[in-house]
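Peer 1: Quick one: the structure is below, and I'll ask about it shortly.
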Amino acid sequence: MADRDDTLIVPVTVDALVVNQTLRQQPDGGFRRWQPNFNLLRHNRTPEPDPFTNEVPWSADGKDDTEYKKYDGVYVRWELPEALRRGAARTAGGRTEFPLVPNRWLVVRYVKDQPQRLAAWVVESDFLDPEKGTSRFVHPFKAGVQDPSVTPFRSTVITTKAGRALDIGPGPDGAAWSEPAGSDASRKELFLTAVGPGLMTFHAYQPYHENVFSLHDPLTGIDKADAVDYQVVGWYSDPEQEELRRLLTPKDATVAGVLAGLGWTVDGGLPDGWTPGSTTYSGRVAGVAWDRNGGIPASDRPDKSGVTIAVGSSADEAHTAMTALAHAALPEDSGNALAPTDHALLHALSSGLTDTLDGPDGEIRTAQELHKGWFGQVPGGYVWRLADATGQGNASGDPKSVTWSGAAPEQERWLAGLNALQDAHDKKARELAYLQQRLYALWFTHGLPIIPRQYTREQLRAEIDPANPQGLAAEVARRQTELAEAERAVTAYKATPPAGCELRREALPPFWQVTDPSVVLAGTKGHTAAHAALSGGAKAGLPVRLPGQITGGVPVGGALPAPFAGLKADGLPPVVAALLGEFLDQLGRNALPQWRQPWKPLLYQWQVRHWNVPYGNWEFDGTRYQWQRGEADKDHTLDVTGRRFLVPLLQQTLGGGLDRHGAGDAAEDAGDLDLLSQKLDGLTDRFAGRDKAPNLSPPGAIGDLVGDARGHLAHRGPLPVPFEGWQPSGFSQIRAGQFAMAALSVVDEFGQALDVLLPGDADYLRPVVGDSLLPGEKHAEDVLTERFVQLPPRLLQPARLRFDFVDERQDDKLVDLEAGTTPVCAWIIPSYVDRSLLCYAPDGTPLGELRLKLRADASSPDGVGTVLGWDALPDSSVRTLDDLATARPQLYAFLRELVAKGPDAFADLLSTVDRALTGIDPGNPYGDEVLGALLGRPLALVRARLGFELEGPPVADPGWQYALDWRTPLEWDAHGTTGQDVPDQIAHVAYRWPVRLGNAGQQGDGLIGYFTETDYSAFHAVATPDTETPTGYVSEIGEANWPRLAADSKEHTHLTLLLDPQAAVHATTDLLPVTDLRLPARFTRNAMAALKPALRLSPVLTTARKLPATAPAGTPEPLALPYPASPQGTWDWAELDLPDGETTARWEHRPIVQTDQHARLDEDGPVVRTGFLRLTNPFDGGAAQ
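Dropping the structure here:
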């Protein structure tokens, strides 16, 4: 092969923006270009300016334009391949690293048949010099740099400028170029990545990277040219350091595997044994129409009047609202009218929930999942389980085998110990994270140029000094040591699991953090596919080529084609000649896409004004919060700004949903939708007085202590005012209120702007608003009410609603953390035959029957009254209700109160249970139709605890007056109690939030009702009794009896739930996603197998069937009597018998057979008996659940 014929040609997209005076002065935006200020890093501040501030003006209305003409010309920008823009951790747990990118670029300007207009530059992207460089930059960081003359790295923050363009054209200013790394030791080490000095927008936003990834061609002396063409070629100054070579270094690496990982494909495949030695990057743009004094070049940039904006809790919700509004505006005969259900389907489709919508409780479960999608997840810790590794499991039907974990008691105790250690570890980790965030905030505060006079630098320095044992830094160090010890304890403990058991770790339910509202923009013209020919399609990969596949007839290493012969190209790579030859060939064949002024939306800047609505003004209706009373706080409005990437998210979600359902063509069409979206990222954090954007990492020991918490800057608010004192920081306690968009501007990759709404405009934007954020009748102001978007109450930190099972006897013992515990107080089976309640112990052993009895009553007209009474079930030793007091305290309290209230209350309860069960459909796990006529499904009476849990100590006011007080939230979290005086900085933890339990309209919700704490005088149920004169014992679940709890990690309420064990119980708050509680199989499996429902029969006429002579001795004779047929389980007869000579009755069991019409002369005469029909194994289907 020819010299350096082992390079791989990688295509890059090249855009050219024409800038003239007319464009710069266009209405509705023109340009919004700003520069970072890296000197702010010395004060621990972000180098990027706030939105709508510190912009570089490119024009001045009504003034002399001379000083701005320097910005005219063509801006040539090349886009790095996606593989070079992706960062990843290269080791497990390591930091994210970005690949090195080409640091040399050739840009050639060519005008056909006008050789005098030929020009060329070599862009040295990694050139660093504070005076001669172009784009603001900071030296890359590396610890321990001693001699800066041999490396571009520095050990401290040193600002500089990056990039320069060297003229190698044929004109008098052109000069031959050679690689500077050959003579300058400081240029040998490569460092440039797509994020440059650490800015995610560096490679994408042209004002940041001039003469790095773009070039400004001023076209000096050329006022007009109909077609200007540009060729761009890039390469690494040292191929040994480039990304491809790094990836090929491992011994097991293959060229095909590396290219596949990069997403690159070679047309025709790779030659056998061929390995690329380098990569070369090539891109072109043709036909650029330049007119210095002309008009605005045609582009896709729209007019602001064509932009529609929607806001929702998610992008999908915002898009659904936008679609519904658009269709509502269509005439009836348009043929495109959609029903409301179609919009719901669209929402479910783009959210991946169509299967949920089509399933049981489809609408309810879909709504719950959509609501959950408005929150982000934060890991909630772990719990350990033991699995039987022997495959034997528990002996089915043996009540004694029922244990807390499905294991032996000693294994149970071992597992409880491990879970207690894990729980302690997780709590320590959350407390450490809080302290690290506070340490980073104090370190940041210490670096501010101005602090309140009430503080001294020495005070701040003392807190962040690891050598000060009383300071925050030392506390973080102690907590890190404690966490490491806790982790070692868990590791050591779980290293020796019980024999025959397998240890498994399960994630606990996550903490939930509300996400910011999403904005969807339609009509920005940001959907246009850029240079699709280069991409080859996402699925096909980026097409790369071998040198031999370059067309045009110029060999690699050959002489430059004639039109370019005047370039001073001695130092350029040999492949340049071949690429320039191909450039001419494509121009001659018109094979390149015709140029069009680019419009490529990249960012959107926004400003909102928020009016806080106090906590007391909101009411919870059981599903969502509504603003019902009072006014907004108009004296403390908050203006919040933000700047974020715009992304084509909806094309992916909607297209993915369509693709999953086989609608491939429609999915492709969805990719062309003119929709861009992004969250109002940072809005909720601003209410909390924090900024989570990644920022500068502290150096040295402080950096090690802070760890990954460097994304938690504190907004301290304004400085104290003389004679007024501390000023409000803007901390809102909770997120609740309404906001209006005050400014919105779309900015493209070149800094072109589309100002949809500007700060100070008289009117406010009226967005389309999704249902979840749509205001009711109240508004923050009475004018322009259509502008408002409502934010219902949400917490400002991750939290979860803990719905946990506790021991039936001790409410402070969580069953996952304590051995020998069960939440099941009893199993209760409604008997439709006797209108009674059959009660069983947690392991399924029989206890007794609560039923109506007759007794003498002189006050009754017929002298007979009805009372509730207790009778033992077969094989039970519980003769009286009081016998339950110690063994089954919750069941005893429940039944004792019911007996005291009498038969009418009992009738209310039975009616409520019947009505509730008709609305519960757990999928018929028992598989027996007959049971429905005789017995209700087994119900569990269980003990549970309900309470909000915060991720760590409560979020606190970060204002200046509390800047040094990191102890109060921590101490209150450790020792505070609900109801005591709450410190002002965490006053929000005193707010109480209602929780609705159960859902009468959801068939998959198993709640019948509940009792609160130990009050069994009132049963709160999902259904009310259908009796003539309700007693009031049963009340419908509603606002009057909802549990109301503080979100403080401390307050809990204990509940006794009556539920269907095969279905979940749902807890709804709107504050957080719906939480469900389902009884684990370890509490139901063996109990279901052990339950033996008994039907009282008294009196019944029976006969004894003779046994055959071959029957084993002692076999009882079966009784012949009528009994119901059942497809599962076995019926027998049980009765109390007092054998001769004994003083204590005992239960006798006999098999039974069905009566028939056959005469049997050998049978004894019929006997009248009193006893029970008992069914063994009737719930085998449910036992397997």
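For the sequence shown, UniProt numbering begins at 1 and goes up steadily by one. We treat Cβ as the ideally placed atom computed from N, Cα and C, and that holds for glycine.
Straight-line CA distance for E487 to V995?
Peer 2: Position 487 of the sequence shown, counted from the start, is the residue given in the question as residue 487. Position 995 of the sequence shown, counted from the start, is the residue given in the question as residue 995. Straight-line Cα distance between these residues: approximately 35 Å.
Peer 1: Short of 7 Å in beta carbon distance, which residues of its chain neighbour R915, apart from the five on each side in sequence? Order them along the chain.
Peer 2: Position 915 of the sequence shown, counted from the start, is the residue given in the question as residue 915. So the qualifying residues of the chain are A1023 and D1026.
Peer 1: How many Å lie between R187 and D147 at the Cα?
Peer 2: Counting from 1 along the sequence shown, the entry for residue 187 is found at position 187. Counting from 1 along the sequence shown, the entry for residue 147 is found at position 147. Using only the alpha carbons, I get a separation of about 13 Å.
Peer 1: Measuring alpha carbon to alpha carbon, tell me which residue in L683, Y962, A565 and G571 is nearest Q727.
Peer 2: In the sequence shown, counting from the first residue as 1, residue 727 sits at position 727. The option with the nearest alpha carbon to Q727 is Y962.
Peer 1: If you check the beta carbons only, do G866 and L852 fall under 7 Å apart?
Peer 2: Your numbering for residue 866 matches position 866 in the sequence shown. Your numbering for residue 852 matches position 852 in the sequence shown. For the sequence presented, residue 866 should be read as Thr rather than Gly. Yes, the pair counts as a contact, with Cβ atoms nearer than the cut-off.
Peer 1: Taking all protein chains shown into account, do 16 or more other C-beta atoms lie within 10 angstroms of the C-beta of T1014, making it buried, or fewer, making it exposed?
Peer 2: What you label residue 1014 is simply residue 1014 of the sequence shown in a count that begins at 1. The residue is exposed, with fewer than 16 neighbouring Cβ atoms inside 10 Å.
Peer 1: Spatial neighbours of D398 within its chain, please: C-beta separation below 6 Å, excluding the five flanking residues on both sides.
Peer 2: Within the sequence shown, the letter at position 398 stands for residue 398. Per-residue confidence for D398 stands at a pLDDT of 38, beneath the threshold of 50, marking its modelled position as unreliable; no derived number is given.
Peer 1: Identify every run of the beta strand (DSSP E) within the segment 103 to 136, keeping only runs that are complete inside it and at least 3 residues long; order them along the chain.
Peer 2: Counting whole runs of 3 or more residues, the segment 103 to 136 contains the beta strand (DSSP E) stretches 104 to 110 and 119 to 128.
Peer 1: Have a look at P36, N20, L837 and D704 and flag the residue whose alpha-carbon is nearest the alpha-carbon of G30.
Peer 2: Translated into the one-based positions of the sequence shown, residue 30 becomes position 30. G30 has its Cα closest to that of N20, out of P36, N20, L837 and D704.
Peer 1: Give the single residue among G500, R943 and E179 whose Cα lies nearest to the Cα of E812.
Peer 2: Within the sequence shown, residue 812 is the residue found at index 812, counting from 1. It is Asp, not Glu, that sits at residue 812 in the sequence shown. Out of G500, R943 and E179, R943 has the C-alpha closest to the C-alpha of D812.
Peer 1: Any chance the CB of Y71 is under 6 Å from a heavy atom of the ligand NAP?
Peer 2: Annotation note on the ligand NAP: not contained in the displayed structure, which lists no ligands.
Peer 1: Check whether the Cβ atoms of Y281 and V12 lie closer than 7 Å to each other.
Peer 2: For this step, residue 281 is matched to residue 281 along the sequence shown. For this step, residue 12 is matched to residue 12 along the sequence shown. Yes, the pair counts as a contact, with Cβ atoms nearer than the cut-off.
Peer 1: Give the list of continuous alpha helix (DSSP H) stretches no shorter than 4 residues that lie fully inside the segment 683 to 742.
Peer 2: Here the runs fully enclosed are 683 to 687 and 700 to 706.
Peer 1: Which term fits R660, buried or exposed, when burial requires 16 or more other beta carbons within 10 angstroms of its beta carbon?
Peer 2: On the sequence shown, position 660 is the one that residue 660 refers to. Counting Cβ neighbours within 10 Å, R660 comes out exposed, since fewer than 16 surround it.
Peer 1: Using only the alpha-carbon positions, how far apart do G936 and A1018 sit?
Peer 2: Position 936 of the sequence shown, counted from the start, is the residue given in the question as residue 936. Position 1018 of the sequence shown, counted from the start, is the residue given in the question as residue 1018. Between G936 and A1018, the C-alpha separation is close to 22 Å.
Peer 1: Could you tell me whether the segment 122 to 142 touches the segment 207 to 217, where touching means 3 or more Cβ pairs closer than 8 Å?
Peer 2: Touching, per the Cβ criterion.
Peer 1: With A632 and A780 assumed to form a contact (beta carbons below 8 Å), what rounded beta-carbon distance in angstroms separates them?
Peer 2: What you label residue 632 is simply residue 632 of the sequence shown in a count that begins at 1. What you label residue 780 is simply residue 780 of the sequence shown in a count that begins at 1. So it is a contact: roughly 4 Å between Cβ atoms.
Peer 1: If you draw a straight line from the alpha carbon of R104 to that of L603, how long is it in whole angstroms?
Peer 2: Numbered from its first residue, the sequence shown carries residue 104 at position 104. Numbered from its first residue, the sequence shown carries residue 603 at position 603. Roughly 27 Å separates the two Cα atoms.
Peer 1: Can V544 and A578 be called in contact, C-beta distance under 7 Å?
Peer 2: Counting from 1 along the sequence shown, the entry for residue 544 is found at position 544. Counting from 1 along the sequence shown, the entry for residue 578 is found at position 578. No, these two residues do not count as a Cβ contact at 7 Å.
Peer 1: Skipping 5 residues on each side, what residues in its chain have a beta carbon closer than 6 Å to that of A1094?
Peer 2: Translated into the one-based positions of the sequence shown, residue 1094 becomes position 1094. Contacts found: L873, P874, F1172 and R1174.
Peer 1: Throw me the rounded Cβ distance for the A473 and L439 pair, which I believe falls under 8 Å.
Peer 2: By 1-based counting over the sequence shown, the position of residue 473 is 473. By 1-based counting over the sequence shown, the position of residue 439 is 439. Indeed they touch by this definition, with Cβ atoms about 6 Å apart.
Peer 1: Using beta-carbon positions only, say whether L1059 and G1006 come within less than 7 Å of one another.
Peer 2: Counting from 1 along the sequence shown, the entry for residue 1059 is found at position 1059. Counting from 1 along the sequence shown, the entry for residue 1006 is found at position 1006. For L1059 and G1006, yes; Cβs fall inside 7 Å.
Peer 1: What whole-angstrom Cβ distance do V108 and Y230 have, given they're in contact under 8 Å?
Peer 2: Here residue 108 corresponds to residue number 108 of the sequence shown, with the count starting at 1. Here residue 230 corresponds to residue number 230 of the sequence shown, with the count starting at 1. So it is a contact: roughly 7 Å between Cβ atoms.
Peer 1: Hey, is the segment 951 to 966 in contact with the segment 711 to 719, meaning 3+ C-beta pairs nearer than 8 Å?
Peer 2: Counting Cβ pairs under 8 Å, three or more are found: they touch.
Peer 1: Quick check on DSSP: helix, strand or coil for D1015?
Peer 2: Looking up residue 1015 in the sequence shown gives position 1015. Strand, per DSSP.
Peer 1: So the candidates are H203, K525, V288 and D217; which of them puts its Cα closest to the Cα of P302?
Peer 2: On the sequence shown, residue 302 is found 302 positions in, with the first residue counted as 1. The candidate whose alpha carbon is nearest that of P302 is K525.
Peer 1: Of the residues P938, P1122, V258 and E79, which one's Cα is nearest the Cα of L1097?
Peer 2: Here the question's residue 1097 lines up with position 1097 in the sequence shown. Checked all of P938, P1122, V258 and E79; the closest Cα to L1097 is P1122.
Peer 1: Would you say the segment 732 to 746 touches the segment 765 to 779, given that touching needs at least three Cβ pairs under 8 Å?
Peer 2: Because the criterion of three Cβ pairs below 8 Å is met, the segment 732 to 746 and the segment 765 to 779 touch.
Peer 1: Between the segment 222 to 229 and the segment 282 to 296, are three or more C-beta pairs nearer than 8 Å?
Peer 2: The segment 222 to 229, when compared against the segment 282 to 296, does touch it at the 8 Å Cβ threshold.
Peer 1: For P1127, does the count of other Cβ atoms within 10 angstroms reach 16, so buried, or fall short, so exposed?
Peer 2: Along the sequence shown, one-based indexing puts residue 1127 at 1127. By the 10 Å Cβ count, P1127 comes out exposed.
Peer 1: What is the DSSP secondary structure of T254, counted as helix, strand or coil?
Peer 2: On the sequence shown, position 254 is the one that residue 254 refers to. T254 falls in the coil class under three-state DSSP.
Peer 1: Can you tell me whether S860 is buried or exposed, with buried defined as 16 or more other CB within 10 angstroms of its CB?
Peer 2: Numbered from its first residue, the sequence shown carries residue 860 at position 860. Exposed.
Peer 1: Among D173, L128, M1088 and V378, which has the Cα closest to the Cα of G566?
Peer 2: As a position in the sequence shown, residue 566 is number 566, starting the count at 1. Measuring from the Cα of G566, the nearest candidate turns out to be D173.
Peer 1: Assuming L680 and Q651 make a contact with CB atoms under 8 Å, what is their CB distance in whole Å?
Peer 2: Locating residue 680 in the sequence shown gives position 680, counting from the first residue. Locating residue 651 in the sequence shown gives position 651, counting from the first residue. L680 to Q651, Cβ: 20 Å. No contact.
Peer 1: Roughly how many whole angstroms lie between the Cα atoms of D1152 and T1115?
Peer 2: For the purposes of this step, residue 1152 is identified with residue 1152 of the sequence shown, where counting begins at 1. For the purposes of this step, residue 1115 is identified with residue 1115 of the sequence shown, where counting begins at 1. According to the sequence as given, residue 1152 is Ile; it is not Asp. Distance between the alpha carbons of I1152 and T1115: 13 Å.
Peer 1: Please list the terminal residues of the continuous alpha helix (DSSP H) segment that includes F1083.
Peer 2: One-based indexing of the sequence shown puts residue 1083 at position 1083. F1083 -> alpha helix (DSSP H) spans A1081 to A1090.
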